[in-house]
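Under our numbering, think of the first position of the sequence shown as 34, with each following residue one higher.
No residue lacks a Cβ here, since even glycine has one placed at the ideal position from N, Cα and C.
Computed from a predicted structure; not experimentally measured.
Below is one structure; the comments refer to it alone.
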Amino acid sequence: MDRLTRDLLDYSKPSPARLVPSDMNKILDSAIFLTPLARKGAPPKIHKQYEPRLPRVPVDPNKIQQVFLNILNNAFAAVDDGGRIEIGIKAVEPDSVAIWVEDNGVGIPEENLSHIFDPFFSTKKGAGTGLGLSITYGIVQKLGGEISVHSIVGEGTRFTVTLPKGKALV
(Lines of atoms letter the chains of each structure in order from A and count residues from 1; the text may use other names and numbers.)
(Lines give C-alpha, C1' and ligand atoms only; values in the text may rest on other atoms or scores of the structure.)
Protein backbone atom coordinates (compact mmCIF):
# COMPACT_ATOMS: atom_id res chain seq x y z
CA MET A 1 0.00 0.00 0.00
CA ASP A 2 1.54 3.33 -0.94
CA ARG A 3 1.76 6.36 1.32
CA LEU A 4 -1.10 8.26 -0.34
CA THR A 5 -3.49 5.36 0.25
CA ARG A 6 -2.40 5.04 3.90
CA ASP A 7 -2.80 8.79 4.44
CA LEU A 8 -6.27 8.74 2.90
CA LEU A 9 -7.32 5.80 5.08
CA ASP A 10 -5.93 7.47 8.21
CA TYR A 11 -7.68 10.71 7.33
CA SER A 12 -11.05 9.15 6.58
CA LYS A 13 -11.15 6.65 9.48
CA PRO A 14 -10.56 8.46 12.75
CA SER A 15 -9.83 6.22 15.70
CA PRO A 16 -10.69 7.04 19.30
CA ALA A 17 -8.01 8.74 21.35
CA ARG A 18 -6.35 6.75 24.15
CA LEU A 19 -5.44 9.42 26.69
CA VAL A 20 -2.43 8.70 28.87
CA PRO A 21 -0.56 11.16 31.14
CA SER A 22 2.57 11.57 29.00
CA ASP A 23 6.04 13.08 29.19
CA MET A 24 6.00 15.57 26.31
CA ASN A 25 9.79 15.98 26.40
CA LYS A 26 10.20 12.27 25.61
CA ILE A 27 7.54 12.38 22.90
CA LEU A 28 9.29 15.32 21.24
CA ASP A 29 12.67 13.57 21.43
CA SER A 30 11.14 10.49 19.84
CA ALA A 31 9.61 12.56 17.03
CA ILE A 32 12.97 14.24 16.39
CA PHE A 33 14.65 10.82 16.23
CA LEU A 34 12.03 9.47 13.82
CA THR A 35 12.04 12.49 11.49
CA PRO A 36 13.71 11.36 8.28
CA LEU A 37 17.18 12.77 7.95
CA ALA A 38 17.69 11.30 4.47
CA ARG A 39 17.77 14.52 2.52
CA LYS A 40 20.21 16.26 0.27
CA GLY A 41 22.75 18.41 2.00
CA ALA A 42 23.61 18.83 5.64
CA PRO A 43 20.90 18.17 8.22
CA PRO A 44 19.60 21.22 10.06
CA LYS A 45 20.91 22.13 13.49
CA ILE A 46 18.32 21.31 16.13
CA HIS A 47 18.09 23.41 19.28
CA LYS A 48 15.87 22.18 22.11
CA GLN A 49 14.40 24.37 24.83
CA TYR A 50 12.58 21.98 27.15
CA GLU A 51 11.15 22.79 30.52
CA PRO A 52 12.69 20.14 32.81
CA ARG A 53 9.87 19.68 35.35
CA LEU A 54 6.98 19.76 32.94
CA PRO A 55 3.78 18.13 34.20
CA ARG A 56 2.54 15.09 32.32
CA VAL A 57 -0.08 15.91 29.71
CA PRO A 58 -3.09 13.68 28.93
CA VAL A 59 -2.63 12.80 25.26
CA ASP A 60 -2.71 9.80 22.98
CA PRO A 61 1.08 9.33 22.67
CA ASN A 62 0.92 7.89 19.14
CA LYS A 63 -1.37 10.61 17.84
CA ILE A 64 0.57 13.49 19.39
CA GLN A 65 3.80 12.00 18.08
CA GLN A 66 2.20 12.02 14.61
CA VAL A 67 1.41 15.73 15.12
CA PHE A 68 5.06 16.55 15.76
CA LEU A 69 6.34 14.23 13.03
CA ASN A 70 4.15 16.10 10.53
CA ILE A 71 5.32 19.52 11.74
CA LEU A 72 8.99 18.45 11.90
CA ASN A 73 8.86 16.90 8.42
CA ASN A 74 7.66 20.25 7.06
CA ALA A 75 10.37 22.12 8.97
CA PHE A 76 13.09 19.78 7.67
CA ALA A 77 11.79 20.25 4.12
CA ALA A 78 11.78 24.05 4.50
CA VAL A 79 15.39 24.58 5.61
CA ASP A 80 18.49 24.66 3.47
CA ASP A 81 21.97 23.39 4.34
CA GLY A 82 22.99 24.89 7.63
CA GLY A 83 19.38 25.57 8.57
CA ARG A 84 18.14 25.75 12.12
CA ILE A 85 15.11 24.20 13.82
CA GLU A 86 14.17 25.21 17.35
CA ILE A 87 11.86 22.98 19.39
CA GLY A 88 10.58 24.17 22.72
CA ILE A 89 8.07 23.32 25.37
CA LYS A 90 6.90 25.18 28.46
CA ALA A 91 4.04 25.23 30.92
CA VAL A 92 1.66 28.12 30.31
CA GLU A 93 -0.24 29.11 33.41
CA PRO A 94 -2.68 28.28 34.60
CA ASP A 95 -3.63 25.14 32.73
CA SER A 96 -1.83 24.43 29.48
CA VAL A 97 1.44 23.47 27.82
CA ALA A 98 2.82 25.19 24.72
CA ILE A 99 5.08 23.34 22.28
CA TRP A 100 6.67 25.14 19.34
CA VAL A 101 8.67 24.17 16.30
CA GLU A 102 10.40 27.05 14.54
CA ASP A 103 12.60 26.92 11.46
CA ASN A 104 14.60 29.50 9.55
CA GLY A 105 13.49 28.09 6.20
CA VAL A 106 11.71 29.48 3.18
CA GLY A 107 8.54 30.52 5.02
CA ILE A 108 4.94 30.28 3.86
CA PRO A 109 3.47 32.97 1.60
CA GLU A 110 0.71 34.95 3.31
CA GLU A 111 -1.87 33.88 0.73
CA ASN A 112 -1.26 30.20 1.65
CA LEU A 113 -1.47 30.58 5.44
CA SER A 114 -5.27 30.40 5.51
CA HIS A 115 -5.19 27.09 3.58
CA ILE A 116 -2.38 25.10 5.21
CA PHE A 117 -4.75 23.07 7.40
CA ASP A 118 -7.11 22.31 4.48
CA PRO A 119 -7.17 18.67 3.31
CA PHE A 120 -5.10 18.06 0.15
CA PHE A 121 -3.53 21.53 0.18
CA SER A 122 0.18 21.34 -0.57
CA THR A 123 2.84 23.66 -1.88
CA LYS A 124 5.30 20.81 -2.37
CA LYS A 125 5.47 20.23 -6.09
CA GLY A 126 5.23 16.49 -6.78
CA ALA A 127 5.73 15.53 -3.12
CA GLY A 128 3.38 15.11 -0.21
CA THR A 129 -0.33 14.44 -0.08
CA GLY A 130 -1.52 17.66 1.51
CA LEU A 131 -2.93 15.69 4.45
CA GLY A 132 -0.21 16.07 7.09
CA LEU A 133 -1.23 19.43 8.52
CA SER A 134 -4.94 18.69 8.10
CA ILE A 135 -4.54 15.50 10.15
CA THR A 136 -2.39 17.42 12.63
CA TYR A 137 -5.09 20.05 13.06
CA GLY A 138 -7.76 17.40 13.67
CA ILE A 139 -5.69 15.57 16.28
CA VAL A 140 -4.89 18.76 18.19
CA GLN A 141 -8.57 19.78 18.17
CA LYS A 142 -9.67 16.35 19.48
CA LEU A 143 -7.21 16.71 22.35
CA GLY A 144 -8.83 20.02 23.33
CA GLY A 145 -5.83 22.00 22.10
CA GLU A 146 -5.05 24.71 19.60
CA ILE A 147 -2.51 25.05 16.81
CA SER A 148 -1.28 28.29 15.29
CA VAL A 149 1.28 29.27 12.69
CA HIS A 150 3.32 32.39 12.10
CA SER A 151 5.47 32.66 8.99
CA ILE A 152 7.47 35.21 7.06
CA VAL A 153 8.72 34.37 3.58
CA GLY A 154 12.49 34.14 3.55
CA GLU A 155 12.74 34.12 7.35
CA GLY A 156 10.95 30.98 8.52
CA THR A 157 7.91 29.49 10.18
CA ARG A 158 6.80 28.82 13.74
CA PHE A 159 4.07 26.33 14.64
CA THR A 160 2.73 26.45 18.19
CA VAL A 161 0.61 23.68 19.68
CA THR A 162 -1.11 24.43 22.99
CA LEU A 163 -2.53 21.49 24.95
CA PRO A 164 -4.49 21.42 28.20
CA LYS A 165 -2.66 20.02 31.24
CA GLY A 166 -5.92 18.79 32.74
CA LYS A 167 -8.51 16.45 31.29
CA ALA A 168 -8.53 16.77 27.50
CA LEU A 169 -11.74 16.81 25.50
CA VAL A 170 -12.55 13.82 23.27
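Cβ-based burial, residue i [other Cβ within 10 Å; buried from 16]
i, result
"GLN174", "exposed"
"LYS96", "buried"
"LEU61", "buried"
"ASP136", "buried"
"LEU37", "For LEU37, the pLDDT reaches just 48, beneath the cut-off of 50, and the residue's location in the model is therefore unreliable, leaving the point undetermined."
"GLY115", "exposed"
"PHE153", "exposed"
"SER167", "buried"
"VAL130", "buried"
"SER181", "exposed"
"PRO77", "buried"
"LEU196", "buried"
Residue i versus the options, residue with shortest Cα-Cα distance
i, options, result
"HIS148", "GLY138, VAL130, TYR170 and ASP136", "TYR170"
"VAL53", "PRO77, ARG89, PRO127 and ASP62", "ARG89"
"LEU67", "PRO91, GLU84 and ILE104", "ILE104"
"GLU188", "PRO85, PRO142 and ILE172", "PRO142"
"VAL29", "GLY165, GLY140 and GLU119", "Since the first residue shown for the chain is 34 and the last is 203, residue 29 is missing from the structure and cannot be characterised."
"ILE65", "VAL182, PRO94 and LYS81", "LYS81"
"GLY138", "ARG191, MET57, LYS198 and ASP56", "ARG191"
"VAL194", "ILE172, LEU176, LYS78 and TRP133", "TRP133"
"VAL112", "VAL92, ILE79, LYS123 and GLN99", "ILE79"
"LYS59", "PRO77, PRO76 and ARG86", "ARG86"
"GLY177", "HIS183, ASP93, PRO76 and GLU84", "ASP93"
"ASP56", "PRO76, ASN145 and GLN98", "GLN98"
"GLU119", "PHE101, GLU144 and ARG51", "PHE101"
"GLY121", "PRO76, GLU84 and PRO77", "GLU84"
"HIS183", "ALA108, ASP128 and VAL125", "ALA108"
"ARG117", "ALA75, PRO127, ASN145 and ASP128", "ALA75"
Bridge partner(s) assigned by DSSP for residue i
i, result
"ILE79", "ILE118"
"LEU196", "VAL130"
"ILE185", "GLY189"
"ILE65", "Looking at the DSSP assignment, ILE65 forms no beta bridge with any residue, so it has no partner."
"ILE180", "VAL194"
"PRO54", "PRO91"
(request) Can you check the stretch 102-178 for any beta strand (DSSP E) of at least 3 residues that lies completely inside it and give the ranges in chain order? (result) 117-125 and 129-136
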